[in-house]
Amino acid sequence: MNRFALFLASLVPAVGGLWMATEKFAALVAYDPAFLGSSLIIGGTHIYPPWAFVTWYFRYQRYVPELFSTVTPYSFGGFVLCLLMLFLFRPEKKLTSHGSAHWASYKDLVKMHLISGSGVVVGLYDNPSIKKCTAFLHWLESKKDEAASYGEMNFDKRLDEDRDRKEIQLSQMKRKIHQVKKGSPAYKKF
């Protein structure tokens with residue numbers, strides 16, 4: 149995501165938080181036009197611009213601080229979400245401690261005229277969504293292989309336990325056979 153798009157996307161929660169604070173404050177003062185000024189009314193709903201909250205805060209906060217203390221968290225939360233989005237989706241810093249060589253991006257391929265209707269590109273280019281999908285499929289395959297390995301280990305363990313049990317039974321039967329005398333009725337059972 150380029151920086152300008154990131155900036156615009158991060159403004160959405162900030163403006164949303166301000167707008168929510170504006171509308172909640174207006175509802176708390178019963179949409180009093182003498183107090184709030186004029187608003188746009190659509191279908192009985194009063195709509196104020198989001199920045200009106202800032203104006204009202206500096207104008208009326210000292211008179212009704214308890215009302216502002218109930219709606220200020222909305223604007224603060226929107227601002228925090230804005231900063232969080234800017235932090236989480238910031239562009240990666242390119243590391244050059246071991247040189248600046250890198251695989252060509254789509255932009256680089258277009259710049260060098262390697263992607264066109266005619267011609268061949270030797271190599272592989274995957275856009276980021278395909279890379280993420282491939283990484284996810286590799287993860288799924290490793291989980292499948294891991295599950296198969298655990299299944300084989302459990303099967304081998306059960307086989308070993310069965311073999312040990314059969315060997316114990318066989319040694320017990322051999323002991324009984326050696327203890328029985330030839331010609332006895334017990335010998336005839338064997």
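FYI, our numbering numbers position 70 of the sequence shown as 218, with every residue one higher than the one before it.
Each residue gets a CB set at the ideal place from its N, CA and C atoms; glycine is no exception.
Nearest-angstrom beta carbon gap, Met260 and Pro161 [assumed within contact, 8 Å]: The pair is not a contact, with the Cβ atoms about 39 Å apart (cut-off 8 Å).
Cut-off 6 Å between Cβ atoms - residues of its own chain near Ala200, not counting five sequence neighbours on either side: Thr170
Inter-residue spacing [alpha-carbon to alpha-carbon] between Ala175 and Ser158: 27 Å
Selection from Ser248, Arg238 and Lys330 that minimises the alpha carbon distance to Asn150: The shortest C-alpha to C-alpha distance from Asn150 to any of Ser248, Arg238 and Lys330 is the one to Arg238.
Unbroken stretches of the alpha helix (DSSP H), 4 residues or longer, contained in the segment 183–248: 200–208 and 213–236
Beta-carbon proximity check, Leu215 vs Phe173, cutoff 8 Å: yes
Run of the alpha helix (DSSP H) containing Val258, from where it starts to where it stops: Tyr254 to Lys259
Residue interval of the alpha helix (DSSP H) (run including Trp251): Premise fails: Trp251 is in no alpha helix (DSSP H) and is neither H nor E.
Whole-angstrom distance between Ser248 and Glu240, CA atom to CA atom: 14 Å
Below-8 Å beta-carbon distance, Gly164 vs any chain D residue: No chain D appears in this structure, which consists of one protein chain only.
Proximal residues to Trp167 (C-beta, below 6 Å), its chain only, five neighbours per side dropped: Pro198
Within 8 Å, strictly: CB atoms of Phe227 and Gly165: yes
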